[in-house]
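This report refers to the structure that appears directly beneath it.
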Amino acid sequence: MTRRWIAAGLLALVAGLNRPTSATLIAAVCLAALVALLRRTDGTGRPLAAMALAPLGLFGYVGWVSWRLGDWGGYFKLQRGAWLHFFDWGQHNATVMRGILLGRDDDLFAALVPDLLAALIVMALPILIVLLVRLRPPAVLMVHTLLTIATVLGNQQMFCNVARFLLPAFPLFIPLAIALSRLRRPALVTVLGTCALASGWFAGFAMFELGGAP
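At position 89 of the sequence shown (counting the first as 1) the number is 179 in our numbering, and the numbers step up by one without a gap.
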């Protein structure tokens, strides 16, 4: 958004070395660079450099894992075989959501409390998206946010992980942050304090009851 193309490309490269879900960030950087090229606002060299740099980390990450496994599709086979993570166009998540709404337990890795919280977050997504769109954010933020949501909801995974995997879609919190900024101090302290207590409770619940981090 600040048109520092080389920095954007390098940061996307580093993100790609960390986790393949960085594909949403890479797509956003490449789209912003493409728009700059079409509008000829920053020349051609730096936007092209950003587009070239951004995916290198992701390609390197997936390529290295595949090379170590001796199979060019090794990373994706590992995800599917070890963690049952694969893109199924949202079929699994839809099944789990339907089960939760009907009072059934259809998750392969059911965890009542985290699953209920994840379901509430998923149901809140349309509202948060509409509130964000009304602010008319830069296209790069919308692309990153929507692709992140599509990637998370389109993949089979432990449903309780949905909330954690949606954290990169942070622009959804911008409307909430604006609303909080308008509160008087006592109300703001009450809201943030309640959220902090709830967050602390859930962290303790995940650590000591679930034995992991959903």
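C-beta: ideal position from N, C-alpha, C; glycine also.
Assigned exposure category for residue i - 16 Cβ within 10 Å defines buried
i: proline 137; result: buried
i: aspartate 205; result: buried
i: serine 112; result: buried
i: threonine 284; result: exposed
i: alanine 208; result: buried
i: methionine 187; result: buried
i: tryptophan 95; result: buried
Length of the line joining the Cα atoms of residue i and residue j
i: phenylalanine 255; j: leucine 210; result: 15 Å
i: alanine 200; j: cysteine 250; result: 8 Å
i: proline 309; j: glycine 133; result: No information on residue 309 is available, as it lies outside the stretch 91 to 304 that the chain covers here.
i: phenylalanine 149; j: glutamine 181; result: 27 Å
i: leucine 143; j: arginine 130; result: 20 Å
i: proline 110; j: leucine 128; result: 28 Å
i: isoleucine 239; j: arginine 275; result: 33 Å
i: leucine 278; j: leucine 287; result: 14 Å
i: phenylalanine 292; j: alanine 267; result: 22 Å
i: threonine 114; j: methionine 232; result: 11 Å
i: asparagine 183; j: arginine 272; result: 36 Å
i: leucine 100; j: isoleucine 264; result: 25 Å
i: alanine 122; j: valine 152; result: 24 Å
Reference residue i; option with closest CA among the options
i: glycine 222; options: Val242, Ala269, Phe177 and Thr185; result: The question names glycine, but residue 222 is leucine in the sequence shown. Ranking the options by Cα distance to leucine 222, first place goes to Ala269.
i: alanine 98; options: Thr114, Gly106, Val119 and Asn108; result: Val119
i: valine 230; options: Phe295, Leu124 and Ile96; result: Leu124
i: glycine 189; options: Trp179, Leu202 and Phe177; result: Leu202
i: leucine 243; options: Gly290, Phe263, Pro261 and Leu215; result: Leu215
Whole alpha helix (DSSP H) elements within the stretch 162–228, 4-residue minimum: 164–173, 181–191 and 202–224
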